[in-house]
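Student:
Numbering (our numbering), first residue to last: 1 to 539.
(1) Quick one: residues in its chain with C-beta nearer than 6 Å to the C-beta of residue 15, no 5 flanking neighbours on either side, listed in chain order?
(2) Using the Cα positions of residue 207 and residue 533, report the straight-line distance between them to the nearest angstrom.
(3) Please classify residue 497 as buried or exposed, where buried requires at least 16 other C-beta atoms within 10 Å of its C-beta.
(4) From the DSSP output, in three-state form, read off residue 445 for me.
(5) Given that a residue counts as buried once 16 or more other Cβ atoms are within 10 Å of its Cβ, and exposed if not, what is residue 251?
(6) The alpha helix (DSSP H) spanning residue 278 covers which residue range?
(7) Taking residue 346 and residue 410 to be in contact with their CB atoms under 8 Å, please state how far apart those CB atoms are, rounded to whole angstroms.
(8) How about residue 231 and residue 385: do their beta carbons lie closer than 7 Å?
(9) Please name the residue or residues paired with residue 338 in a DSSP beta bridge.
(10) Specify the secondary structure class of residue 389 as computed by DSSP and reduced to three states.
(11) For residue 499, collect the residues of the same chain with a Cβ closer than 8 Å to its Cβ; drop the 5 residues on either side in sequence, then sort them by chain order.
(12) Who are the near neighbours of residue 157 in its chain, counting only those whose CB is closer than 7 Å to its CB and skipping five residues on each side?
(13) Residue 541 to residue 372, Cα distance in whole Å?
(14) Taking 7 Å as the threshold (C-beta atoms), are residue 256 and residue 116 in contact?
(15) What did DSSP end up calling residue 74 once you bin it into helix, strand or coil?
(16) Quick check: the Cα distance between residue 272 and residue 236, rounded to an integer number of angstroms?
(17) For residue 353, report the span of its alpha helix (DSSP H) as first-last.
(18) Grab me the residues of residue 179's own chain with a C-beta within less than 7 Å of its C-beta, minus the 5 sequence neighbours each way, in chain order.
(19) Could you compute how far the alpha carbon of residue 32 sits from the alpha carbon of residue 479?
(20) Between residue 474 and residue 522, how many whole angstroms is the CB-CB distance? I'm expecting something under 8 Å.
(21) Taking only the alpha-carbon atoms, compute the straight-line gap between residue 75 and residue 68 and give it to the nearest angstrom.
(22) Among 65, 193, 166, 151, which residue has its Cα nearest to the Cα of residue 5?
(23) Name the one or two DSSP bridge partners that residue 142 has.
(24) If you follow the alpha helix (DSSP H) that residue 372 is in, where does it begin and where does it stop?
(25) Roughly how many angstroms separate the alpha carbons of residue 258 and residue 228, rounded to a whole number?
(26) Where does residue 151 sit, in a helix, a strand or coil, going by DSSP?
(27) If I measure Cβ to Cβ from residue 318 and keep anything under 7 Å in the same chain, skipping five residues before and after, which residues do I get?
(28) Would you mind reading off the limits of the alpha helix (DSSP H) that contains residue 11?
(29) Going by the beta-carbon positions, is the gap between residue 99 and residue 305 smaller than 7 Å?
(30) Does DSSP put residue 530 in a helix, in a strand, or in coil?
(31) Please classify residue 443: is it buried, with 16 or more other beta-carbons within 10 angstroms of its beta-carbon, or exposed?
(32) How long is the line joining the alpha carbons of residue 149 and residue 35, rounded to whole angstroms?
(33) Quick one: any contact between the region 138-148 and the region 210-227, if contact means 3 or more CB pairs under 8 Å?
(34) Do you know how far the Cα of residue 44 is from the Cα of residue 222?
(35) Take every Cβ of the region 418-434, pair it with every Cβ of the region 447-456, and state whether three or more of those distances are shorter than 8 Å.
(36) Just reading off the alpha helix (DSSP H) that residue 250 is part of, what are its end residues?
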């Protein structure tokens with residue numbers, strides 16, 4: 001079933017789940033040669049195709065062309081192999097914020113045949129240690145500005161033997177940069193197999209021991225040749241911007257794989273706050289944005305104050321459900337749809353989405369080409385149209401956990417069970433209800449928190465909100481809304497009643513929030529995703 005491997009360190013292939021626990025892979029139209037190295041495909045191949053002088057990466061105050069990126073990554077790859085001792089199949093952890101040097105380190109390690117584990121800069125030594133232990137990581141490449149926690153992790157690790165610093169700024173003044181300085185700009189990349197593991201993506205929000213999702217070289221190209229080609233129709237003239245960390249597969253796809261696959265440019269921000277993103281969009285006339293709905297709400301307010309975001313042709317929203325009021329306002333102000341989609345680390349990237357010419361409010365759209373989706377009950381059987389159930393999906397990518405018995409929780413009869421509650425209407429459009437564990441059951445009624453949030457956000461007084469279930473002796477749970485009020489609106493019983501009445505008038509009255517808490521801010525991840533589990537623990 002698996003093609004040839006170039007890995008002399010066979011750890012990842014040895015720790016793939018048993019084949020009978022894999023999802024079905026639908027590979028029609030995703031044909032790649034037996035030997036494939038993604039690092040080469042995203043750099044040297046673009047130079048060969050005539051894109052050498054085009055801008056590939058923008059960050060830290062400078063642009064880098066595809067020729068510069070190919071040369072840079074080839075010199076780094078030489079250093080990794082000849083000086084650091086990286087062998088094909090070794091796991092290499094990268095610790096950095098979003099910047100061109102992180103992309104270069106990832107591509108170079110991939111060219112050297114390594115299996116890369118990208119990590120977020122906010123992780124502490126203990127969290128890094130769990131990742132190192134799970135993947136038995138021997139090498140780490142770390143932005144020198146983030147070395148403290150990495151060094152502490154290495155000191156306490158039985159596996160991590162070599163930590164090498166690189167300069168995440170534009171100065172190229174760190175150990176790895178100096179080693180690479182005199183190397184050749186030509187590098188014979190390891191001829192990895194299309195079915196060699198190229199990337200380990202650790203799932204965000206995991207409780208207990210971390211789960212690592214295993215992605216082959218072909219998987220990384222498949223997300224570009226599927227979603228980015230079909231839905232975004234990326235061209236070399238596109239300029240990408242976004243907030244998700246490259247450590248997340250959503251960010252790696254949207255801010256590295258997609259632009260580099262098609263000769264476009266990526267702008268990379270170490271601090272991707274909405275104001276910083278707005279500045280980048282205006283400065284470089286960015287055309288494609290990847291971020292969460294909360295950031296788009298800030299952008300909408302900025303447009304009221306004169307921000308020029310007219311260069312954006314595609315606004316991709318994922319990571320959080322897109323409330324209909326945000327979608328409606330974006331169309332009203334830009335004349336262009338916001339592309340709501342859903343992805344998962346297990347699936348690598350977005351697999352269900354709206355399209356430019358086929359989009360609806362409060363709707364996640366239809367499967368990306370190559371994917372299939374259905375809604376199933378607890379027994380795994382498909383449920384009638386319009387019924388909320390568990391989302392099941394399969395396509396060219398799918399879940400393979402690294403040595404993890406939770407594989408059988410995610411894959412059922414060849415389908416990936418993503419942990420999301422959805423319904424499918426008569427026309428085949430998919431509608432998000434909630435994460436399976438975010439459904440609120442109150443007095444026997446199933447209430448989807450995101451639906452209540454969308455109703456609240458339609459009220460002028462609400463800037464942001466999050467809805468969770470609060471344990472209740474009489475009803476089992478009640479709907480509790482955590483609300484950030486817009487400027488100029490006051491908290492108090494009158495506002496509580498106004499919001500409750502508004503929800504009752506907008507959706508079925510039994511779904512209204514029986515408890516309303518006013519807060520100054522909502523807890524969020526680095527990608528802008530609201531951390532409802534923290535609100536639940538408060539409740």
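Ideal Cβ placement from N, Cα and C applies to all residues, glycine included.
Tutor: To lay it out plainly:
(1) 402, 403
(2) With a pLDDT of only 47 at residue 207, under the threshold of 50, the placement of this residue in the model should not be trusted, and no figure is reported.
(3) exposed
(4) strand
(5) buried
(6) 274-284
(7) 6 Å
(8) Residue 385 is positioned such that its CB atom lies no closer than 7 Å to that of residue 231.
(9) 315
(10) Strand at residue 389.
(11) 456, 459, 461, 462, 481, 483, 513, 516
(12) 129, 132
(13) A question about residue 541 goes unanswered here, because the residues of the chain that appear run from 1 up to 539.
(14) no
(15) Helix at residue 74.
(16) 23 Å
(17) No alpha helix (DSSP H) contains residue 353, which is instead part of the beta strand (DSSP E) from 350-353.
(18) 79, 83
(19) Spanning the two alpha carbons is a distance of roughly 49 Å.
(20) That belief does not hold up - the Cβ atoms of residue 474 and residue 522 are roughly 27 Å apart, past 8 Å.
(21) 11 Å
(22) 193
(23) 95, 165
(24) No alpha helix (DSSP H) contains residue 372, which is instead part of the beta strand (DSSP E) from 372-376.
(25) If you take the alpha carbons of residue 258 and residue 228, they lie about 6 Å apart.
(26) helix
(27) 250, 341, 342, 343, 350
(28) Counting along the chain, the alpha helix (DSSP H) containing residue 11 begins and ends at 11-14.
(29) no
(30) strand
(31) It counts as exposed.
(32) 37 Å
(33) no
(34) Approximately 19 Å between the Cα atoms of the pair.
(35) Yes, the region 418-434 is in contact with the region 447-456.
(36) 249-252
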